[in-house]
């Protein structure tokens, strides 16, 4: 290990993954660790903001599976960032399977408020089908290529049997509710449509136990605590990287050169890439010289990366129930079981499945967070904010039947238009397998040796084999690649790097 402490390690990206890698390496005694960050801030897709007097999460929202096996939960607890409720042992023991048991209000496009009992048959059938979808990964063999196709086929088959005694209007309502649930899944999975999520790949994702919780002071509070434990000058901000020059030959010169967009060149012994998969998809052909191995390129192309955006809406008073945690919107013309619209410019708002209720930090403030995925979400990003406010106002008036509800204001995220993310988070698209995730985390060269030492390592949520799309997945991959370097230098046969800072 002593041979490695003087090696120069550059981490590209100051999201949670890059911060975690730096944290572990510096703690292990590496003296020359630095992070190059393209923007003016740390955090990447963790982004806390203010909306009126409310703290809101523009990016990552929850700690998914807050329990002992979740390092984000453990760190947040250690730093005192959680509500007492989240720390209760019974909350950590609950296994929600990725779907929190929220108290819901349900409204329809004809302005009716439904009871949960009205749509329970659809919710129950949908939940059963998701459990079945998860099992295909273990069993092998896929009756359909995608989750969407499987659900659509099975719902129609089972509805004909289970709901045959129901009248046509009741059956139609259940099928419309299934469409809403599919849109919910698009936001959870980070996909354009559930037709894009591989049925065999769906079960690769693993849930940790625990009732999803938020950080009352915002997710950025966790970043600030972690950053405060790093040397003050470890991050260089506003330093986008253009190309990583590595060496795939057996020449003795095995250092890596990071070429920045401003022309600056940074020499390193090792680079840890933590950029989002969306950015990698767009730039991998120019980001590495020589190019990435073909199998790695193909996996980057194949694995999914979608756009999910939030639309925060503030009201003078709530029009939802006091105990409500989520609002579902059911379009009564969607009994064909759909999760995308045909006319995106004209009907993009139909993709918004509903709202989650933002915990108030000010008792006079009433804020909802609308969720929208896919091409409809990407189109929404291009609209003026005033147009988004108008669409949301019309939508809420239609579904509540109240023509005078007027939101105070809206604020929306725009993750596709962020050039450093190019979307939100990853999902296993059709034809993906665990091999793709293994390919994405594979370092360059893939089999380091005396003549070809480890040069480029890969971290980030899309490289975790079972917790992709999560903050804890991202953090664990940062630790994983730091550990890879630590063990690289623990192998006594490896030479000490020739150069110093």
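Residue numbers (my numbering): 4 to 504. Even glycine gets a Cβ: it sits at the ideal position worked out from N, Cα and C.
Query                                                                                                                                                                           : Result
Does residue 93 pass the burial test, meaning 16 or more other C-beta atoms within 10 Å, or should it be called exposed?                                                        : exposed
Report the rounded CA-to-CA distance for residue 217 versus residue 64, giving the unit in angstroms.                                                                           : 7 Å
Using only the alpha-carbon positions, how far apart do residue 389 and residue 462 sit?                                                                                        : 38 Å
For residue 173 and residue 166, what's the separation of their Cα atoms in angstroms?                                                                                          : 9 Å
Looking at residue 374: is its Cβ nearer than 7 Å to the Cβ of residue 353?                                                                                                     : no
Pick helix, strand or coil for residue 329, following the three-state DSSP scheme.                                                                                              : strand
Residues in its own chain within less than 7 Å of residue 420 by CB, not counting five upstream and five downstream?                                                            : 384
Do residue 208 and residue 150 have their C-beta atoms within less than 7 Å of each other?                                                                                      : no
Tell me whether the region 440-460 and the region 186-203 touch, counting them as touching only if at least three CB pairs, one residue from each stretch, are closer than 8 Å. : no
Tell me which residues share the same chain as residue 498 and place their Cβ nearer than 6 Å to its Cβ, disregarding the 5 neighbours each side in the sequence.               : Low local confidence applies: a pLDDT of 44 at residue 498 is under 50, so the model's placement there is unreliable, and no value is given.
Assess, as a yes-or-no matter, whether the region 301-320 is touched by the region 273-284 under the definition of 3 or more beta carbon pairs within less than 8 Å.            : yes
Quick one, which of 121, 403, 141 has its alpha-carbon nearest residue 436's?                                                                                                   : 141
Given this structure, state the Cα-to-Cα distance separating residue 504 from residue 439, to the nearest angstrom.                                                             : Annotation note: pLDDT 35 at residue 504 (below 50); position unreliable, coordinate value reported separately. For residue 504 and residue 439, the distance between alpha carbons rounds to 36 Å.
Tell me the start and end of each unbroken alpha helix (DSSP H) in the region 301-361 that is at least 4 residues and wholly inside, in chain order.                            : 347-350
Using the C-alpha atoms, what's the distance from residue 379 back to residue 368?                                                                                              : 28 Å
Quick one: is residue 267 buried, meaning 16 or more other Cβ sit within 10 Å of its Cβ, or exposed?                                                                            : exposed
How long is the line joining the alpha carbons of residue 60 and residue 170, rounded to whole angstroms?                                                                       : 43 Å
Measure the CB-CB distance between residue 13 and residue 37 and report whether it falls below 7 Å.                                                                             : yes
What does the Cβ neighbour count give for residue 428, buried or exposed, with the cut at 16 atoms within 10 Å?                                                                 : buried
Taking the alpha-carbon of residue 264 as reference, which of 274, 289, 258, 250 has the nearest alpha-carbon?                                                                  : 289
Could you compute how far the alpha carbon of residue 177 sits from the alpha carbon of residue 106?                                                                            : 19 Å
What number of angstroms, rounded off, separates the C-alpha of residue 181 from the C-alpha of residue 347?                                                                    : 20 Å
One question on the structure: do residue 488 and residue 244 come within less than 7 Å of each other, judged by their Cβ atoms?                                                : no
Report the residue from 68, 145, 313, 215 whose alpha carbon sits nearest the alpha carbon of residue 190.                                                                      : 313
Could you tell me which residues DSSP puts in a beta bridge with residue 107?                                                                                                   : 329
In the DSSP assignment, the alpha helix (DSSP H) including residue 202 goes from what residue to what residue?                                                                  : Neither: residue 202 is in no alpha helix (DSSP H) and is coded neither H nor E.
Buried or exposed, going by whether 16 or more other CB atoms sit within 10 Å of the CB of residue 330?                                                                         : buried
Taking the alpha helix (DSSP H) that residue 382 belongs to, which residues open and close that run?                                                                            : 377-385
Please look up how many angstroms separate the CB atoms of residue 343 and residue 308, rounded, as I've assumed it's under 8 Å.                                                : Contact doesn't hold; Cβ gap of about 17 Å is too wide.
How far does the alpha helix (DSSP H) with residue 287 in it reach, from first residue to last?                                                                                 : 280-290
In whole angstroms, give me the CA-to-CA distance for residue 143 and residue 317.                                                                                              : 47 Å
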